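Novice: Got a structure for you, written out below as structure tokens; questions coming shortly.
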């Protein structure tokens with residue numbers, strides 16, 4: 012099971028471990044990219060960062076932290092993304108990511124695992140007929 016329940020997310024953060032989430036595709040000035048968010052312990056609380064990176068269209072490349080930044084002005088981005096907030100409480104940090112950047116409460120994963128969702132996204136995009144939702148009508 013890839014996704015963490017809320018108690019497990021809070022437990023990981025309480026043990027000073029980060030969590031992350033692949034949010035999905037984005038587009039910046041006609042360039043295809045992806046967004047992922049992370050919450051990680053920092054000093055006396057938790058940082059929330061957003062990462063807009065190039066979509067490499069490769070399901071075998073799963074370490075999202077090394078993807079090149081989507082915005083050419085972010086060439087110095089070292090993988091920490093843009094820190095968009097800091098919270099003392101881990102639940103507040105999660106709520107910030109969910110409220111402001113589209114993270115889903117039930118799709119958090121351990122640090123380093125969001126690339127699995129990216130790989131699924133790439134595979135599904137290449138073969139959309141295999142993953143098409145079936146609409147039932149009664």
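Residue numbers (the working numbering): 12 to 149.
Backbone N, C-alpha and C fix where the C-beta goes; we use that ideal spot for every residue, glycine too.
Since we're looking at a predicted model, the values are computed, not measured.
With a Cβ-Cβ cutoff of 8 Å, do residue 79 and residue 64 count as a contact?
Specialist: Here the question's residue 79 lines up with position 68 in the chain shown. Here the question's residue 64 lines up with position 53 in the chain shown. Cβ atoms of residue 79 and residue 64: closer than 8 Å.
Novice: Less than 8 Å separating the beta-carbons of residue 57 and residue 98?
Specialist: Translated into positions along the chain shown, residue 57 becomes position 46. Translated into positions along the chain shown, residue 98 becomes position 87. In this structure, residue 98 lies closer than 8 Å to residue 57 by Cβ.
Novice: Short check: CB of residue 95 to CB of residue 61, under 8 Å?
Specialist: Indexing the chain shown from 1 puts residue 95 at position 84. Indexing the chain shown from 1 puts residue 61 at position 50. Contact: yes.
Novice: What are the boundary residues of the alpha helix (DSSP H) that includes residue 19?
Specialist: In the chain shown, the residue the question calls residue 19 occupies position 8. First-last of the alpha helix (DSSP H) with residue 19: 17-25.
Novice: Kindly identify the DSSP beta-bridge partner or partners of residue 96.
Specialist: If you number the chain shown from 1, residue 96 lands on position 85. According to DSSP, which records beta bridges pairwise, residue 96 is partnered with 59.
Novice: List the whole-angstrom C-beta distance separating residue 27 from residue 52, where the pair is believed to meet the contact cut-off of C-beta under 8 Å.
Specialist: Along the chain shown, one-based indexing puts residue 27 at 16. Along the chain shown, one-based indexing puts residue 52 at 41. The pair is a contact, with the Cβ atoms about 4 Å apart (cut-off 8 Å).
Novice: Could you check what DSSP says for residue 126 in three-state terms: helix, strand or coil?
Specialist: Numbered from its first residue, the chain shown carries residue 126 at position 115. Looking at residue 126 - three-state DSSP - the assignment turns out to be helix.
Novice: Going by Cα to Cα distance, which pick from 45, 59 and 112 is closest to residue 67?
Specialist: Within the chain shown, numbered from 1, the residue matching residue 67 stands at position 56. Selected option, being the one with the closest Cα: 45.
Novice: Which of helix, strand or coil does DSSP assign to residue 70?
Specialist: Residue 70 sits at position 59 when you count from the first residue of the chain shown. Three-state result, residue 70: coil.
Novice: Using the Cβ count rule (16 or more neighbours within 10 Å means buried), how would you classify residue 135?
Specialist: By 1-based counting over the chain shown, the position of residue 135 is 124. Its Cβ having fewer than 16 others within 10 Å, residue 135 is exposed.
Novice: Counting only the same chain and skipping the five closest in sequence on each side, list residues whose C-beta sits under 7 Å from that of residue 127.
Specialist: In the chain shown, the residue the question calls residue 127 occupies position 116. Excluding positions up to five away in sequence, the list reads 13 and 73.
Novice: Less than 8 Å separating the beta-carbons of residue 101 and residue 24?
Specialist: Taking the chain shown and counting its residues from 1, one reaches residue 101 at position 90. Taking the chain shown and counting its residues from 1, one reaches residue 24 at position 13. Cβ distance < 8 Å, so residue 101 and residue 24 count as in contact.
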